[in-house]
Amino acid sequence: MRDTATTAGPGGGRRGDSLLRRVGRGAVWPFRPPEDVLTPIALGRELQRSVTTGRRIVVSRPRGGPAESTVSALLATVYAHYRNDRVLAMDLGPGTGSLAARFGTGHGGPDTGLAAPGIESDSFEHVEPCLAPVRERLWLLPGLQEVIAEGRLDARTYQNKVLSLTRFFGLTVIDRAADISDGLNRAAQASAHAHVLVVPATREGAADIGRAFDWMTANGADSLPRRIVVVFTEHERGQDPAFDYPGSAEILRHSGAEVFRLAYDRHLAAPAPIDPARISAATHATATRVAVECLRRAM
Numbered sequence: 009m010r011d012t013a014t015t016a017g018p019g020g021g022r023r024g025d026s027l028l029r030r031v032g033r034g035a036v037w038p039f040r041p042p043e044d045v046l047t048p049i050a051l052g053r054e055l056q057r058s059v060t061t062g063r064r065i066v067v068s069r070p071r072g073g074p075a076e077s078t079v080s081a082l083l084a085t086v087y088a089h090y091r092n093d094r095v096l097a098m099d100l101g102p103g104t105g106s107l108a109a110r111f112g113t114g115h116g117g118p119d120t121g122l123a124a125p126g127i128e129s130d131s132f133e134h135v136e137p138c139l140a141p142v143r144e145r146l147w148l149l150p151g152l153q154e155v156i157a158e159g160r161l162d163a164r165t166y167q168n169k170v171l172s173l174t175r176f177f178g179l180t181v182i183d184r185a186a187d188i189s190d191g192l193n194r195a196a197q198a199s200a201h202a203h204v205l206v207v208p209a210t211r212e213g214a215a216d217i218g219r220a221f222d223w224m225t226a227n228g229a230d231s232l233p234r235r236i237v238v239v240f241t242e243h244e245r246g247q248d249p250a251f252d253y254p255g256s257a258e259i260l261r262h263s264g265a266e267v268f269r270l271a272y273d274r275h276l277a278a279p280a281p282i283d284p285a286r287i288s289a290a291t292h293a294t295a296t297r298v299a300v301e302c303l304r305r306a307m
């Protein structure tokens, strides 16, 4: 997932891997086992599978925070890199603009967003100027935070204007607000073909997910975990040494969800735009696998 776009400001920010780790990886590169070569190729092929209608992947976090925007940006970037169709990203988090910041894009001008005259056109040629380009094959629907803050984006508007926009895209990644039970968030959740739950890699994060899954079972939604991918994220090294990731992952997988751990990455830890060329090799591998699993569950 290499991109030449300048998205990380002067110098591009810190690299996810240290110099020593990068040098060591380069030294053993010619001696990689065959599976280290074949696995990325197989994952790339899975990411390129065709879709008959646009798929929507919703990313959220039970208690809110910036981590879901990081995961949303990574997923959208992976899809845009590997796929040949268009990818759309949108941020439904009220007042944050975190996704635009992670992409390094602005909030759009007066002729962009849902209020733009061409947004309801039947032609992508007329819709495209209403969007903010991120990189090749990837666009962001700008200005949603202002629309939400002004009360002009409710469930009906979402269904009539936002969902109709996704028909131009093979995949849409929706960065949703924390689990707020309002009409807009319920509509976004209902529109998802797959759902990513992002929580910190801590005992508290595991407990939050456990309570969410218990609620699903108690409310007759026990089939929902089969569409869910859980991502435990580390914001600092060893942030909770007592956290039992293998045990938590086993319990969640038993319910039908898939589980991944996104380890600490120095580049992602900085509150700056993400440069795909500077994330760590481990982050690249995990983001690719999460993207593949989301696509599988969205089909």
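Residue numbering for the sequence shown follows my numbering, starting at 9 and increasing by one per position.
Ideal placement from N, C-alpha and C gives every residue a C-beta, glycine not left out.
For residue 140, the pairing in a beta bridge is given by DSSP as 148. Inter-residue distance for residue 121 and residue 203 is about 24 Å (C-alpha atoms, whole angstroms). Here residue 191 is exposed, its C-beta having fewer than 16 other C-beta atoms within 10 Å. The residues 65, 67, 181, 204, 295, 298, 299 and 302, in chain order, have a CB closer than 8 Å to that of residue 83 in the same chain once the five nearest residues on each side in sequence are set aside. Looking at the DSSP output, residue 110 shares a beta bridge with no other residue. Counting C-beta atoms within 10 angstroms of its own C-beta, residue 133 has fewer than 16 neighbours from the protein chains shown and is therefore classed as exposed. Restricting attention to beta strand (DSSP E) runs no shorter than 3 residues, the region 206-244 encloses them at 236-241, ordered along the chain. Membership of residue 259 in any beta strand (DSSP E) is not indicated; the residue belongs instead to the alpha helix (DSSP H) covering 253-262.
In the DSSP assignment, residue 135 falls within the alpha helix (DSSP H) that extends over 132-135. Boundaries around residue 68 are those of the beta strand (DSSP E), 63-68, since no alpha helix (DSSP H) includes it. Residue 293: not part of any beta strand (DSSP E); member of the alpha helix (DSSP H) spanning 289-306, first to last residue. Separation of the CB atoms of residue 207 and residue 216 is rounded to 6 Å, and the pair is thereby assigned contact status at 8 Å. Closest in C-alpha terms to residue 178, from the list 48, 50 and 60, comes 60.
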